[in-house]
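These notes concern the structure reproduced below.
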Amino acid sequence: MPQALSIVLLLLLGAISSQSKHTKPQFKGTIGAIIDSTSRAGKQEKLAIEMAVEDFSNSTGHKPLLHVRDSKGSPVQAAWDAEELIKEKKGQAIVGLRTWKEAAFVAEYGAKMQVPVVSFAALAPSLLTSERWPFLVRVVSSSQLQMKAVAAIVGSWKWTRVTIIYEDNNYGSAGSMASLICALKEVGSEVDYQSVFPPLQSLHNPTSSIQRELEKLKRKKFRIFIVHSTLSLSINLFTQAKLMGMMDKDYVWIATEPTMNHLHSLNASIISSMQGVVGIKTYFPQVARFSDFSIRFRRRFRSNYPDEDDSELGIFPLRAYDAVSSVLKALKRLQHRKKSTKPNDVWSPSMGRPLLNAILSSNFEGLSGHIQFEGTELVPGPAFQIVNVVERGYRELGFWSPNLGFSRTVDMKVKGASMEILGNVIWPGDPPYVPREWATGKPLKILVPGDSSYENIMSVKRTLNGTTIGGFSIKVFEMVRENLSYHLPFEFFTHHGTYDSMIQKLEQGYDAVVGDTAIIGDRLKYGEFTQPYSESGVRMVVAVKQQPEKAWIFLMPFTKELWALTVVLILYNGLILWLIEKQEGNDDLVGSFRHQIGVLVWLSFNTLFSMQGEKLRSNLSRMAMVVWLVVAFVLTSSYTASLSSMLTVRRLEPSVVDVEWLKQTKAVVGCDSYSFVRRYLEEVLHFDRDCIKPFDTGEEYPQALRTGQIKAAFLEVPYIKYLLAKNCKGFMTAGPTYEVGGSTLVADFSEAIVKLRENGKLRELENNLVGTYNCTSSESDNDENGSLSLDSFWVLFAITGATSTLALFIFLAGRSQNFANDPAYFVGIRIRALMMALAKHSRSGDDVMQGVHRPRYPEKAEQAQSSTPVKLRVFRRSNTFS
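This note's numbering runs 2 ahead of the 1-based position in the sequence shown.
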């Protein structure tokens, strides 16, 4: 019996030992959470943390310990709670800490105790975080990328100057602002002013402090504000801005994530004060298990906080859930790697570093998106959401990605660099235009010159109903306003005096100058100029003198070369016709040598004016004549047209062409009274002051030039166009053109002017200005019609010369077969015989044609002359030509 009992006891002990050997080590996990129950986000985070622990326990069978403390937003209380959770509750990690000040206090203690601190704080430094607080882990992405998203919005609307309003929490605001300023510079924008607020709880009278700062901002000219602060400061800021009229037209407010992520939790009163605000909101994709979590969370939230709105979940509970999940997963992985873990092991500081590394190596799909860390910060999601506060809530405009820009959908199928792709934005006050940073809330004060010398370009007239301002410059201004993408309120103010003094008034509270103002160096220190909308420079206008008529003008239609070649060709064609027709027995070509020469010359020149076809017997002569008549017709027609033009067009030339001559002769010149040209004539062209006569209106110049009161007028090019369009008879320009000579409003106007020039509207407007007067420019009168040269007719001359030559060769070839054997010899003999006959006849004074034998009997001369021609026989060796 005792033996049996011992056997049973041994078996029981073996079974217990075997069961103990295969039992898993107990999961040792203790997490401390510090939340702020005074905020809706804190309440949501508390529930999410509890649900994360419960879900982990249900899925793994492990039951971690959770200790929650409420700091009520106090950094000191948060530090005390952290000390208790680490020392007394043996917390292996601390999660929570919504504000950055709380996170900084706890991170100091966590670094000392080597306990990982996982924070939800959005406003955090981007630099030196891991060096100062090595055990701090942030489940929010870096503010640098968020600042680039804000800068992309600014750059999209081409705002070049902005004002930043931010909260200085001494723990990271400077780093965030540095990132924002750099991002703004990349899109071509600058920070005009930085308005810095201390933490709201440190202000003795927050409302009064905010009002004073907003009053200062309201007096500034620029109206683009970027708000980067905690929710509490943002609420007070927008509430006071609404009361002060700064949430109205011409204002722009852009808010960052710390404010916009809370939109779903704000009441109707706060939303109404934020109408038109555009901002960045954290985007989280709704994963498959989001729906189940959302249902459970809302049911539980409604049960615990029945007075709170649960219509929208928001990003805060999702990130709290994922933060706790990352810590629990890290603890589980860490304990699985430590095979020697025993139930009674005690947590020691040496375990903090491995747990921190395990948390930072997290890589899983959470409720708020993909959970993965870069350094000690969460890797940013694929895109930021762009939202616009309207009516009772907000609307989702689209998304922004650092690599792809703006898009209406998160898949970035339709993307662009401009925010305009997202559709219409409702700005504060709901204006029908995009506000600009220079808007003042009041009309722009624009100066116009009241003493312009040219009413068609710039006119100011006083009537019973007030002052009427018009002219070419005002029409250009109106067209530019129509091409702007925003509304431009303005009010005109008339200035009487010089243009220089008018531009200097820009330093006295006026915003702009509109008129016929030239761009010169001295004026640039008072203001910036747009692109010029008309040709610039100064030229000289003088009276013209008519060129005297020339006695030999009838020779001017043709050049000397053309005249010479025409005469040569006429004689050449006449000679060929004479040779051919004489050998064909033409009765008109019989007579003395002098008679024959006269007939040859007459035949040559007569072909220019009449058709002699009925008297020509040879077809070869007719062929050469037809071609020559075509050339003669073209020559005579061209000559007649050119000579008519020269006789009817008056030749004009300037009375003065040299500025140096004007200065040397002390001639008086004119210029506009209120223009810079007078100073330019003295200082640059060095005219004597006494030789410069100013004129108040452009109508005085024509009479002064005609009477010789002034020898020349120096005017700006736009005025010259107007003056010559109205007085083109008797005046013209002379000498060279003397060349003379951005705020964001300047850039906008310049862009609009360029567009007007490209689409032709500016040219059309300028043509309407000078087209009012039915008068051609006198400059065209100075263009002389050049004489016709050989270049215009050489082809015709070549054709007729070749035709006549061909006719001659064919004729000679038909007269003898020897031409086929030796054409050159044949032609030479023929010409030689002809010349010998002419010489012989000239010496004897015979009346018979050259080369014809004298009749042996004088009484038969008359008969021979009246009958068929006597054939000539010339003997040379054995060859006979007849």
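For every residue, glycine included, the Cβ atom is placed at its ideal position computed from N, Cα and C.
Please classify residue i: does DSSP put it in a helix, a strand, or coil?
| i | result |
| --- | --- |
| Lys244 | helix |
| Ile273 | helix |
| Ile755 | helix |
| Leu764 | helix |
| Lys463 | strand |
| Thr709 | helix |
| Val478 | helix |
| Ala107 | The residue asked about is misnamed: residue 107 is Phe in this sequence, not Ala. Helix. |
| Val629 | helix |
| Lys417 | strand |
| Arg42 | helix |
| Gln196 | strand |
| His230 | strand |
| Lys447 | strand |
| Ala290 | coil |
| Leu726 | helix |
| Ala257 | strand |
| Lys562 | helix |
| His338 | helix |
| Tyr662 | According to the sequence as given, residue 662 is Glu; it is not Tyr. In this structure, Glu662 counts as helix in the three-state DSSP scheme. |
| Val119 | strand |
| His266 | helix |
| Ile317 | coil |
Please report the distance separating the alpha-carbon of residue i from that of residue j.
| i | j | result |
| --- | --- | --- |
| Asp38 | Ser73 | 5 angstroms |
| Phe697 | Ser503 | 18 angstroms |
| Ala815 | Leu564 | 32 angstroms |
| Pro534 | Lys160 | 22 angstroms |
| Ile273 | Thr261 | 12 angstroms |
| Val797 | Leu790 | 14 angstroms |
| Cys730 | Lys562 | 35 angstroms |
| Ala113 | Trp82 | 15 angstroms |
| Ile191 | Glu367 | Here residue 191 turns out to be Ser, not Ile, going by the sequence shown. Computed Cα separation, rounded: 38 angstroms. |
| Arg541 | Ser640 | 38 angstroms |
| Ser181 | Ser197 | 16 angstroms |
| Arg1 | Ala419 | Lying outside 3 to 884, the shown extent of the chain, residue 1 is not represented and no answer is given. |
| Gly247 | Glu188 | 32 angstroms |
| Ile373 | Arg100 | 19 angstroms |
| Glu766 | Ala736 | 26 angstroms |
| Gln148 | Ala332 | 28 angstroms |
| Ile155 | Tyr724 | 46 angstroms |
| Glu684 | Phe408 | 58 angstroms |
Identify the residues that DSSP records as bridge partners of residue i: which are they?
| i | result |
| --- | --- |
| Met893 | This structure does not reach residue 893, given that the chain is present from 3 up to 884, and the question cannot be answered. |
| Asn365 | Gln374 |
| Gln387 | Lys283 and Phe401 |
| Pro696 | Cys673 |
| Ser409 | Phe401 and Lys417 |
Take the Cβ of residue i as the centre, count every other Cβ of all protein chains shown within 10 Å, and call the residue buried at 16 or more, exposed below.
| i | result |
| --- | --- |
| Gln510 | exposed |
| Met3 | Caution applies to Met3, whose pLDDT of 49 falls short of 50 and renders its modelled position unreliable; the model cannot decide the point. |
| Lys30 | buried |
| Phe716 | buried |
| Ala514 | buried |
| Arg691 | exposed |
| Asp311 | exposed |
| Cys673 | buried |
| Lys527 | exposed |
| Leu380 | buried |
| Gln242 | buried |
Return no unless some Cβ of chain B is closer than 8 angstroms to the Cβ of residue i.
| i | result |
| --- | --- |
| Thr258 | Annotation note: the requested chain B is absent from the structure, which comprises a single protein chain. |
Original post:
At a cut of 8 angstroms, does the segment 219 to 233 reach the segment 154 to 167 through at least three beta carbon pairs?
Top reply: yes
Original post:
Pairing CB atoms from the segment 294 to 305 with CB atoms from the segment 46 to 63, are three or more of them under 8 angstroms?
Top reply: In short, these stretches touch, since the Cβ pair count reaches three.
**OP:** Tell me, please, whether the segment 272 to 287 touches the segment 383 to 392 by the rule of three or more beta-carbon pairs shorter than 8 angstroms.
**Re:** Inter-segment contact for the segment 272 to 287 and the segment 383 to 392 is present: three or more beta-carbon pairs are separated by less than 8 angstroms.
Original post:
Taking one C-beta from the segment 355 to 364 and one from the segment 241 to 261 each time, how about it: are there three or more such pairs within less than 8 angstroms?
Top reply: Here the segment 355 to 364 makes no contact with the segment 241 to 261; the two share fewer than three CB pairs at distances below 8 angstroms.
**OP:** Kindly confirm or deny that the segment 357 to 368 and the segment 324 to 337 touch, where touching means at least three C-beta pairs closer than 8 angstroms.
**Re:** yes
Subject >> Touching by the beta-carbon criterion (3+ pairs, under 8 angstroms), the segment 63 to 71 and the segment 86 to 98 >> reply: yes
Subject >> the segment 422 to 430 / the segment 397 to 413 touching (three or more Cβ pairs under 8 angstroms) >> reply: yes
**OP:** Determine, using beta-carbon pairs with one atom in the segment 446 to 465 and one in the segment 518 to 529, whether at least three such pairs fall under 8 angstroms.
**Re:** yes
Original post:
Contact between the segment 110 to 124 and the segment 54 to 61: three or more CB pairs below 8 angstroms?
Top reply: Counting Cβ pairs under 8 angstroms, fewer than three are found: no touch.
Original post:
On the three-pair Cβ rule with 8 angstroms, is the segment 132 to 139 touching the segment 100 to 110?
Top reply: yes
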